[in-house]
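According to our numbering, the sequence shown holds residues 9 to 255 in order. All C-beta atoms, glycine included, are put in the ideal place defined by N, C-alpha and C. Reading through the C-alpha cells given below for one structure.
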Amino acid sequence: MSYEQFAYLYDELMKDAPYDEWVRFTNEKLNQYNVTGHRILDLACGTGELSIRFAKQGFQVTGVDLSNEMLAVAQAKADREGVKVPLYQQNMAELEGPGTFDVVGIYCDSLNYLESEEEVQDTFMRVFDHLEHGGLFIFDVHSLYKITNIFMDQTFAYNDEAISYIWNSFPGEAPYSVEHELSFFVLDQASGKYDRYDELHTQRTYPPEQYASWLSQAGFKLLEINADFEHTVPQSESERIFFIAQK
Numbered sequence: 009m010s011y012e013q014f015a016y017l018y019d020e021l022m023k024d025a026p027y028d029e030w031v032r033f034t035n036e037k038l039n040q041y042n043v044t045g046h047r048i049l050d051l052a053c054g055t056g057e058l059s060i061r062f063a064k065q066g067f068q069v070t071g072v073d074l075s076n077e078m079l080a081v082a083q084a085k086a087d088r089e090g091v092k093v094p095l096y097q098q099n100m101a102e103l104e105g106p107g108t109f110d111v112v113g114i115y116c117d118s119l120n121y122l123e124s125e126e127e128v129q130d131t132f133m134r135v136f137d138h139l140e141h142g143g144l145f146i147f148d149v150h151s152l153y154k155i156t157n158i159f160m161d162q163t164f165a166y167n168d169e170a171i172s173y174i175w176n177s178f179p180g181e182a183p184y185s186v187e188h189e190l191s192f193f194v195l196d197q198a199s200g201k202y203d204r205y206d207e208l209h210t211q212r213t214y215p216p217e218q219y220a221s222w223l224s225q226a227g228f229k230l231l232e233i234n235a236d237f238e239h240t241v242p243q244s245e246s247e248r249i250f251f252i253a254q255k
C-alpha cells in the first residue's frame with residue numbers, strides 16, 4: 009500500500025476517534041495554566057484533523073508530519089474547510105525551523121511510533137527549543153497496561169462493506185513494544201472486487217517515570233500526569249497517559 013492510499017484509508021478508519029476530546033483537554037490545560045498565546049504546533053499532525061479543529065477555534069496552527077502523503081491530505085482538507093495551516097514534512101526528532109510556539113502537542117499516541125529512547129529524548133529537546141518561555145508541551149502515550157494487556161497477542165477485526173481489516177498484535181523486540189500486522193480489504197468500486205493491502209506498525213512505550221526523567225533532562229517542568237482525557241492521576245488500568253510540561 010502506498011502512503012497516499014493509507015492516508016485516505018486512515019481517515020475512514022479513524023472517523024470515530026475522539027478528536028474533540030484532545031481539543032477540549034488542551035484548551036482546559038491552557039486555561040488552567042494561564043497560557044494566553046494562540047500559536048500551536050501540532051507535531052505528527054497526520055491528515056490534519058486536530059490542526060483544522062484548532063484553526064477553527066482561532067489558533068495559529070502549524071502542522072508537522074513525517075509523511076508527505078498525509079500532509080497532502082491535510083492540505084486538501086484545510087483548503088476545503090477554509091483555514092490556513094502551514095504544513096512541513098519533518099521527523100519530530102529532527103524538528104527545526106518552523107518558529108516558536110505557545111503550545112506544542114503530540115497527540116494520538118504518535119510519540120509511541122519513535123523506535124528508540126534516543127529519538128524520544130531528541131524530540132523533547134527539539135520541542136523545548138521551539139516553545140516560548142512559559143509555553144506548554146502536551147502529549148499522550150499508550151500506558152504499559154494497554155501495551156501488555158490489551159494489545160499483546162490479540163486479534164482485532166473490522167468488517168464494513170467498503171473496508172474491512174484484520175489486525176494482529178505481537179510482542180516487539182524492545183521492552184514494552186508491540187508490532188501491529190494489519191491486512192486491509194478495500195472495495196474497488198469499478199470492479200466490485202476487494203484489493204488487499206498489508207501494513208506493519210511498531211509502537212513502543214515507557215514507564216511514566218522514564219518520560220518524566222527525560223522531560224526534566226530536556227529542561228521542562230513537569231506539571232501533571234493525567235489519564236484518559238481526565239484531570240486525574242493514572243490508575244493501574246488506565247490506557248492513555250497524558251503529560252503536561254512547561255518551559
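Distance, residue j Cα to residue i Cα
{"i": "R204", "j": "P106", "result": "38 Å"}
{"i": "D110", "j": "L223", "result": "17 Å"}
{"i": "P183", "j": "R88", "result": "42 Å"}
{"i": "S244", "j": "I146", "result": "22 Å"}
{"i": "Q83", "j": "S75", "result": "12 Å"}
{"i": "D161", "j": "N176", "result": "7 Å"}
{"i": "S185", "j": "Y121", "result": "10 Å"}
{"i": "W30", "j": "S199", "result": "39 Å"}
{"i": "D3", "j": "G227", "result": "This structure does not reach residue 3, given that the chain is present from 9 up to 255, and the question cannot be answered."}
{"i": "P215", "j": "I233", "result": "12 Å"}
{"i": "L195", "j": "F159", "result": "27 Å"}
{"i": "E104", "j": "T55", "result": "21 Å"}
{"i": "A52", "j": "T70", "result": "11 Å"}
{"i": "L190", "j": "D206", "result": "6 Å"}
{"i": "H138", "j": "K154", "result": "31 Å"}
Closest Cα partner of residue i within the set the options
{"i": "Y18", "options": "C116, N35, T70, A182", "result": "C116"}
{"i": "Q68", "options": "N76, A25, D50, A235", "result": "D50"}
{"i": "E20", "options": "P215, F192, F178, L208", "result": "F192"}
{"i": "Q197", "options": "I171, D148, W30", "result": "I171"}
{"i": "P179", "options": "D28, N167, Y173, T163", "result": "T163"}
Any chain B beta carbon closer than 8 Å to residue i
{"i": "G54", "result": "Looking for chain B here will not work: only one protein chain is present."}
Reduced DSSP category for residue i - H, G, I as helix; E, B as strand; rest coil
{"i": "S199", "result": "coil"}
{"i": "F228", "result": "coil"}
{"i": "F237", "result": "coil"}
{"i": "Q218", "result": "helix"}
{"i": "Y184", "result": "coil"}
{"i": "E169", "result": "coil"}
{"i": "D19", "result": "helix"}
{"i": "T210", "result": "strand"}
{"i": "D148", "result": "strand"}
Cβ distance (whole Å) where residue i is taken to contact residue j below 8 Å
{"i": "F251", "j": "Y219", "result": "6 Å"}
{"i": "E140", "j": "G66", "result": "Between G66 and E140 the Cβ distance is about 18 Å, and since that is not below 8 Å, they are no contact."}
{"i": "Q123", "j": "T210", "result": "The question names Gln, yet the displayed sequence has Glu at residue 123. At roughly 7 Å, the Cβ-Cβ gap stays under 8 Å, so E123 and T210 are in contact."}
Note down, one range per segment and in chain order, each alpha helix (DSSP H) of at least 4 residues found wholly within the segment 60 to 134. 76 to 89
Beta strand (DSSP E) runs contained entirely in the segment 30 to 58, provided each spans 3 or more residues: 47 to 51
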